[in-house]
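Those protein sequence lines, which keep their order, are chains A and B. The numbering of the first sequence is our numbering, which starts it at 1 and goes up by one. The numbering of the second sequence is our numbering, which starts it at 220 and goes up by one. The beta-carbon is built from N, C-alpha and C at its ideal position, and this holds for glycine as well. Being a predicted model, the structure only gives us computed values, none of them experimental. Reviewing the structure listed below.
Number of protein chains: 2
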Amino acid sequence: MTTAATPVEAPRGLPGKRAAIMRAATHIFVTAGYERANLDTIATEAGVSKQTIYNHFGDKERLFIAVVDEARSGADRATEFDESLLDDPAALEQDLLVLGRQFLSTALDPQVSALRRLIIAEVAHHPALHRSCGDGEAGSAPKLLGFLTQRIALLAARGDLVAERPARAAAHFVSLLTYEGQQRSKYGTVAISPGEIDDICIDAADLFIRAYRSPATRS
Amino acid sequence: MTTAATPVEAPRGLPGKRAAIMRAATHIFVTAGYERANLDTIATEAGVSKQTIYNHFGDKERLFIAVVDEARSGADRATEFDESLLDDPAALEQDLLVLGRQFLSTALDPQVSALRRLIIAEVAHHPALHRSCGDGEAGSAPKLLGFLTQRIALLAARGDLVAERPARAAAHFVSLLTYEGQQRSKYGTVAISPGEIDDICIDAADLFIRAYRSPATRS
DNA sequence: GCCGATCTGGACCGCACGGTCCAGTACGAT
DNA sequence: ATCGTACTGGACCGTGCGGTCCAGATCGGC
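Pasting the structure below:
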């Protein structure tokens, strides 16, 4: 009753049905949580018979895993950073801003936040999720961390930055970026305006540069 | 079956029973989540009849709210900061370390982390929780933020720090502190050793000072 | 035009679990 | 001795829901 079960005409044929089920399941799981999610509701919203769901996914848990896996691999695919970023020391602040904005605009997306909360709530009860989410090597944050680490190492080697441990410096920047949003999206989805995202990025980049700038480049 | 339902001899008399129920309920809710938690199991583990639970709390949801409220007010009460901290500019790094250690040792406590995950998972489905957890004014992190903000403002007024926006600087320090642990405790409880906590605090304090130290005090 | 695979819709099963009821017990207060 | 209160334990009910079954429709391929 919390979620409307509006029947949607699903396109015929195998892939169409499957996609419709995934879409509906994602919606229901995210808004209701795993236990509260109801397969009849999902079937109705997908415009599909319940049996069809069982044909495709076997049972509720495997449907859930499929939903989470797809969402994660989708987020993964969408996270690519411009290789020309963080190369020119003169554009350091500018590039940090670009990276920050790109990262936060997806990380704070309501859909993504809701899914993150769902996963947080359910990992402990689904061993299969552990593999895909546990010791983070995938996901957008780790990707950003990797990219930053590599770039910071480069800039440090050139003497443009003072960062004896690039990975640590990268983590510091990411932590400055994510804190506010993490706090806000932790419980319920509180919208963050693009303006606020900008402020956060500006502050983070500013602080990062103040802390890691090479003395040689100081004004 | 995930959680052993070992009957425990509950102390006789009203307050004892109530406390036993709260203890058992906290345990079961935290490990199983709200939906999966079973009142029969809670009753058994509390060494109490199911009817007694209903006498005291009315229904499952109100029991849950009581558990969360108690945990939160308990955490609130346990969060007090030494008023002499962050006063002497010479001891700035030292004091930041002390604050960081105190904060992280409770914030990363497995119990506290588990409860945080539970709340994250359930706020959306229990309006009553929103009031007590939503727009954060209570809780240990906001308390630390408040304390830091006040102190940083003081130090900045004296010229010991350069921080035009003390609240922002405080948030920066807290974000540096919490990032790693937040990341680790987000899914499942991964133990963080005191040594690692120390490393995190040292790094955070170091970075904070590099970024906010007054030029006048630079070596 | 037939076959096989897919899908439908709805009846159906079994069970777990929140919640109720109640007869009986223990105990403190008067 | 009596009464009221809190507690027990276990039977009991209703229902929501995961999962199954099946008879019939639809459709693409040969």
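Give the DSSP bridge partners of residue i, in chain order.
{"i": "A:Leu161", "result": "A:Arg213"}
What three-state label does DSSP hand residue i in the structure shown?
{"i": "A:Ser49", "result": "coil"}
{"i": "B:Ile284", "result": "helix"}
{"i": "B:Phe300", "result": "coil"}
{"i": "A:Pro7", "result": "Because the pLDDT at A:Pro7 is just 47, under 50, the model does not fix this residue reliably, and the value given afterwards should be weighed accordingly. In the structure shown, A:Pro7 sits in coil (DSSP, three-state: anything other than H, G, I, E or B)."}
{"i": "B:Leu327", "result": "coil"}
{"i": "A:Tyr54", "result": "helix"}
{"i": "A:Asp87", "result": "coil"}
{"i": "B:Leu364", "result": "helix"}
{"i": "B:Arg255", "result": "coil"}
{"i": "A:Asp198", "result": "helix"}
{"i": "B:His391", "result": "helix"}
{"i": "B:Val342", "result": "helix"}
{"i": "A:Asp76", "result": "helix"}
{"i": "B:Gly235", "result": "helix"}
{"i": "A:Ile21", "result": "helix"}
{"i": "B:Asp314", "result": "helix"}
{"i": "B:Ser332", "result": "helix"}
{"i": "A:Gly139", "result": "coil"}
{"i": "B:Ser412", "result": "coil"}
{"i": "A:Ile100", "result": "Just to set this straight, residue 100 of chain A is Gly in the shown sequence, not Ile. A:Gly100 falls in the helix class under three-state DSSP."}
{"i": "B:Tyr398", "result": "helix"}
{"i": "A:Asp59", "result": "coil"}
{"i": "B:Met220", "result": "Only weak support is given to the placement of B:Met220: the predicted model assigns it a pLDDT of 43, under 50, and the question is left unresolved by the model."}
Consider the C-beta atom of residue i and the heavy atoms of the ligand ATP; say whether any pair is separated by less than 7 Å.
{"i": "B:Phe300", "result": "Only the bare structure without any ligand can be found here, which leaves the ligand ATP out of the picture."}
Taking the alpha-carbon positions, what's the residue i to residue j distance?
{"i": "B:Ala239", "j": "B:Gly266", "result": "8 Å"}
{"i": "B:Leu315", "j": "A:Lys60", "result": "49 Å"}
{"i": "A:Thr79", "j": "A:Ser140", "result": "6 Å"}
{"i": "B:Ser269", "j": "B:Pro329", "result": "The residue asked about is misnamed: residue 269 of chain B is Lys in this sequence, not Ser. So the two alpha carbons sit approximately 28 Å from each other."}
{"i": "A:Glu180", "j": "B:Ala390", "result": "8 Å"}
{"i": "B:Gln321", "j": "B:Leu327", "result": "10 Å"}
{"i": "B:Val331", "j": "A:Asp88", "result": "44 Å"}
{"i": "B:Leu374", "j": "B:Ala388", "result": "12 Å"}
{"i": "A:Gly18", "j": "A:Ala24", "result": "It should be noted that the sequence gives Arg, not Gly, for residue 18 of chain A. Using only the alpha carbons, I get a separation of about 10 Å."}
{"i": "A:Leu201", "j": "B:Thr368", "result": "Before going on, a small fix: residue 201 of chain A reads as Cys here, not Leu. Answer to the nearest angstrom: the Cα atoms are 20 Å apart."}
{"i": "B:Glu312", "j": "A:Ala32", "result": "46 Å"}
{"i": "B:Ala340", "j": "A:Val30", "result": "11 Å"}
{"i": "B:Gln402", "j": "B:Asp417", "result": "17 Å"}
{"i": "B:Ala309", "j": "B:Val317", "result": "14 Å"}
{"i": "A:Ala167", "j": "B:Ala386", "result": "27 Å"}
{"i": "A:Leu39", "j": "A:Arg131", "result": "25 Å"}
{"i": "A:Ala37", "j": "B:Glu264", "result": "28 Å"}
{"i": "A:Leu161", "j": "A:Pro142", "result": "22 Å"}
{"i": "B:Ala447", "j": "A:Ala191", "result": "A query on residue 447 of chain B cannot be resolved here, the shown segment of chain B reaching from 220 to 438 and no further."}
{"i": "B:Phe366", "j": "B:Ala376", "result": "16 Å"}
{"i": "B:Gly235", "j": "B:Gly277", "result": "18 Å"}
{"i": "A:Pro215", "j": "A:Arg165", "result": "17 Å"}
Can you tell which of the options has its C-alpha closest to the C-alpha of residue i?
{"i": "B:Leu337", "options": "B:Arg370, B:Lys236, B:Ala372, B:Ile284", "result": "B:Ile284"}
{"i": "B:Tyr406", "options": "B:Ala360, B:Ser412, B:Ala333, B:Arg377", "result": "B:Ala333"}
{"i": "B:Gly378", "options": "B:Arg432, B:Gln402, B:Val286", "result": "B:Arg432"}
{"i": "A:Met22", "options": "A:Ile42, A:Ala170, A:Ala37", "result": "A:Ile42"}
{"i": "A:Thr26", "options": "A:Ala107, A:Arg116, A:Pro89", "result": "A:Arg116"}
{"i": "B:Val423", "options": "B:Lys236, B:Leu323, B:Val287", "result": "For clarity, residue 423 of chain B is Ala in the given sequence; the question names Val instead. When only C-alpha atoms are compared, the closest one is B:Leu323."}
{"i": "B:Leu363", "options": "B:Ala251, B:Thr250, B:Gly252, B:Arg296", "result": "B:Arg296"}
{"i": "A:Pro194", "options": "A:Pro127, A:Arg151, A:Thr106", "result": "A:Thr106"}
{"i": "B:Ala347", "options": "B:Leu282, B:Ile411, B:Ser404, B:Val409", "result": "B:Leu282"}
{"i": "B:Val342", "options": "A:Ser185, A:Glu164, A:Leu161", "result": "A:Ser185"}
{"i": "A:Glu196", "options": "A:Gly100, A:Phe208, A:Ala37", "result": "A:Gly100"}
{"i": "B:Ile428", "options": "B:Arg350, B:Gly235, B:Ile371", "result": "B:Ile371"}
{"i": "B:Asp425", "options": "A:Val190, A:Ala163, A:Ile192", "result": "A:Ala163"}
{"i": "A:Val67", "options": "A:Ile28, A:Arg36, A:Thr44, A:His125", "result": "A:Ile28"}
{"i": "A:Tyr34", "options": "B:Ala376, B:Pro385, B:His344", "result": "B:His344"}
Does the pairing of the segment 387-401 of chain B with the segment 282-296 of chain B give three or more beta-carbon distances under 8 Å?
Too few Cβ pairs lie closer than 8 Å, so no.
Are the segment 83-93 of chain A and the segment 41-58 of chain A touching, with three or more C-beta to C-beta distances below 8 Å?
no
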